[in-house]
Amino acid sequence: MTACAIEGGTAGAATTADPGPEESGEPEEPVGAESAGAERAAEPEGAAGAVRAGPATPWAGAPRAPGTFTLTADGAYGARLTAAPGAPGEQRAWYPERWTLDGPEPYAVPLPLHQPEEPDAQVVPLADGRVLIRRRVADRQMFSLLYPTGPATGELALGAVECDGMTLLPPSPDGSSVYGLSAGDHSSLLWLVAGGAFGPELVAEIPGHCSGGVWLDRAGRMLALDRQLPGGGPVKAVAVDLERNGEVTPLLQIAPSSDDRLLLADPDSGLLLIRSDAPGHDRLGWGVLGSCLPVRFPECLRPADVAVTPFAVQPGQMLMPESCAVALRIDGAAGSWVGVWRPQGRRLHQLAAPEGWSAGAGYWSRDGVLHLPYANAATPCAVARIEAPGDDGPLPETGGTDGTDSDASGTEPSGAVTPPVVCKPVPLGQAPLHRAAPPD
4 MTACAIEGGT AGAATTADPG PEESGEPEEP VGAESAGAER AAEPEGAAGA
54 VRAGPATPWA GAPRAPGTFT LTADGAYGAR LTAAPGAPGE QRAWYPERWT
104 LDGPEPYAVP LPLHQPEEPD AQVVPLADGR VLIRRRVADR QMFSLLYPTG
154 PATGELALGA VECDGMTLLP PSPDGSSVYG LSAGDHSSLL WLVAGGAFGP
204 ELVAEIPGHC SGGVWLDRAG RMLALDRQLP GGGPVKAVAV DLERNGEVTP
254 LLQIAPSSDD RLLLADPDSG LLLIRSDAPG HDRLGWGVLG SCLPVRFPEC
304 LRPADVAVTP FAVQPGQMLM PESCAVALRI DGAAGSWVGV WRPQGRRLHQ
354 LAAPEGWSAG AGYWSRDGVL HLPYANAATP CAVARIEAPG DDGPLPETGG
404 TDGTDSDASG TEPSGAVTPP VVCKPVPLGQ APLHRAAPPD
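Quick note on the working numbering: the sequence shown kicks off at 4 and runs consecutively.
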């Protein structure tokens with residue numbers, strides 16, 4: 004896959020965005036996770052679809068996970084740091100936990116060792132069921148693979164990297180490789196920390212300060228990073244070719260001075276979710292890799308007083324980027340809930356999230372079912388499944404003088420969450436390392 008520069012209508016014409024339904028004649032702006040309290044402009048697209056949903060609330064007594072819930076690229080496994088509930092203020096003993104999500108009945112397996120983990124440890128699941136953990140020990144980053152074995156947890160040490168800080172990138176689409184990014188002011192180091200032949204391997208040194216991390220293909224070759232060159236300047240997404248010694252090529256260039264970040268990419272359709280401040284403030288936009296059309300920044304992705312962040316794109320929509328369902332995390336003063344949007348639909352459906360949802364975690368099936376992992380007092384391991392709402396029917400009418408939709412002031416979700424798949428924790432001695440085959 005070749006990475007193409009992407010420009011929006013504000014910067015001329017090069018390669019990006021999507022062929023899609025005509026929107027307003029006004030120039031579109033980049034949005035992204037916009038800060039709460041931002042004013043909402045008039046909505047020429049018909050604006051936010053569906054009504055406002057209630058937030059997901061954590062269950063009482065739930066421990067605050069120090070990290071995130073991470074999923075493999077195919078959604079088969081998940082991993083997180085967790086701890087047993089305790090009294091407020093009580094010190095928690097953190098340990099990794101692996102979730103198996105693609106079998107007949109999803110289940111969770113605790114992976115504790117002889118001592119608790121530090122809250123800043125990071126875990127990433129692999130396609131074979133093992134879990135990579137990164138621990139910071141003094142000025143080194145230590146890496147191990149954890150897996151259930153008999154009544155205990157097995158651990159395979161992979162080695163260490165001497166650096167002050169490192170962030171593990173999302174799991175590679177190949178299922179066996181995990182990369183870590185150690186960012187500095189003048190250059191950033193990209194490490195292969197799992198999947199190499201001899202422990203952690205330095206893959207590339209990239210000039211500038213890098214962040215983010217989005218895979219552009221199914222082979223795990225093309226990686227997008229957000230980079231700021233040494234000495235400052237705008238942040239631009241670049242593509243890194245891991246099979247050509249980390250060769251860097253431009254990916255996003257909406258305006259010369261704008262910060263253009265890549266948030267998500269779907270290798271099947273080429274759909275890109277972008278955040279840019281080209282119009283003067285951050286907006287969430289979309290484009291298509293390799294397209295000659297400008298990036299679009301729909302008004303419906305800018306609801307008032309909330310931050311919107313995409314976290315999953317429906318796969319399998321070959322050559323149909325406009326039909327891909329996109330799941331978004333919506334954060335407001337009252338909590339977090341779920342949004343669903345398609346480029347061709349031009350409306351944002353806001354849905355209630357299950358209690359105890361790991362906010363921002365989830366994956367789509369090819370047929371448009373969104374899977375949301377969650378845990379609460381009643382169900383320590385569960386997955387809620389939500390059918391993607393349809394976009395049939397007329398766009399909502401805009402009403403009032405404040406530029407909001409007439410139907411966007413309610414508090415009920417626009418669609419019900421289907422009954423969840425409830426799971427039970429499985430003892431280590433009974434937990435298979437490889438995923439179970441689905442029933443006939």
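Where a beta carbon is used, it is the ideal one built from N, C-alpha and C, also for glycine.
Residue interval of the beta strand (DSSP E) (run including residue i)
i, result
"Val-311", "310-316"
"His-374", "372-377"
"Gln-353", "351-354"
"Leu-195", "190-197"
"Leu-184", "181-186"
"Cys-384", "384-390"
"Arg-133", "Premise fails: Arg-133 is in no beta strand (DSSP E) and is neither H nor E."
"Ala-111", "110-113"
"Pro-301", "Counting along the chain, Pro-301 falls outside any beta strand (DSSP E), and DSSP gives it neither H nor E."
"Glu-121", "Where Glu-121 is concerned, there is no enclosing beta strand (DSSP E), given that its DSSP letter is neither H nor E."
"Pro-88", "Taken as a continuous stretch (DSSP letters only), Pro-88 belongs to no beta strand (DSSP E), as it is neither H nor E."
"Glu-250", "250-253"
Cut-off 6 Å between Cβ atoms - residues of its own chain near residue i, not counting five sequence neighbours on either side
i, result
"Val-329", "Pro-313, Val-316 and Trp-344"
"Thr-170", "Leu-184"
"Arg-138", "Ala-124 and Met-145"
"Gly-157", "Tyr-150"
Beta-carbon spacing of residue i, residue j below 9 Å
i, j, result
"Arg-95", "Ala-82", "no"
"Leu-74", "Ala-364", "yes"
"Ser-279", "Asp-285", "yes"
"Val-309", "Ile-333", "yes"
"Pro-346", "Ser-326", "yes"
"Gly-162", "Ala-207", "no"
"Val-341", "Leu-304", "no"
"Leu-114", "Val-127", "no"
"Pro-109", "Val-386", "yes"
Backbone CA spacing between residue i and residue j [nearest angstrom]
i, j, result
"Gly-187", "Asp-167", "10 Å"
"Leu-292", "Glu-246", "20 Å"
"Val-298", "Leu-149", "42 Å"
"Pro-282", "Leu-275", "19 Å"
"Gly-359", "Cys-295", "42 Å"
"Trp-194", "Glu-93", "36 Å"
"Ala-378", "Tyr-80", "15 Å"
"Pro-237", "Leu-255", "11 Å"
"Cys-384", "Ala-160", "28 Å"
"Gly-288", "Ile-209", "26 Å"
Contacts around residue i, its chain only, beta-carbon distance under 8 Å, and the 5 residues preceding and following it disregarded
i, result
"Gly-211", "His-189, Ser-190, Ser-191, Arg-230, Gln-231, Leu-232 and Pro-233"
"Met-323", "Ser-272"
"Trp-218", "Ala-76, Pro-173, Ser-175, Pro-176, Met-225, Leu-226, Ala-227, Ala-268 and Pro-270"
"Thr-71", "Arg-83, Ser-361, Gly-363 and Ala-364"
"Asp-394", "Gly-52, Arg-345, Gln-347, Gly-348, Arg-349 and Arg-350"
One or two residues paired with residue i in a DSSP bridge
i, result
"Thr-156", "Pro-151"
"Met-225", "Asp-244"
"Gly-338", "Gly-335"
"Arg-95", "Answer by DSSP bridge pairing: none, since Arg-95 is not bridged."
"His-212", "Gln-231"
"Thr-73", "Ala-82"
"Ser-279", "Asp-263 and Arg-286"
Cut-off 7 Å between Cβ atoms - residues of its own chain near residue i, not counting five sequence neighbours on either side
i, result
"Glu-165", "Asp-142 and Arg-143"
"Pro-318", "Asp-269, Asp-271, Trp-367 and Arg-369"
"Ser-180", "Leu-195, Ala-197, Gly-198 and Gly-223"
"Ser-261", "Pro-237, Ser-279, Asp-280 and Ala-281"
"Asp-244", "Arg-224, Met-225 and Glu-250"
"Gly-216", "Leu-172, Pro-173, Leu-184, Leu-226 and Leu-228"
C-beta neighbour in chain C for residue i, strict 9 Å
i, result
"Pro-173", "In the displayed structure, chain C is absent; only one protein chain is listed."
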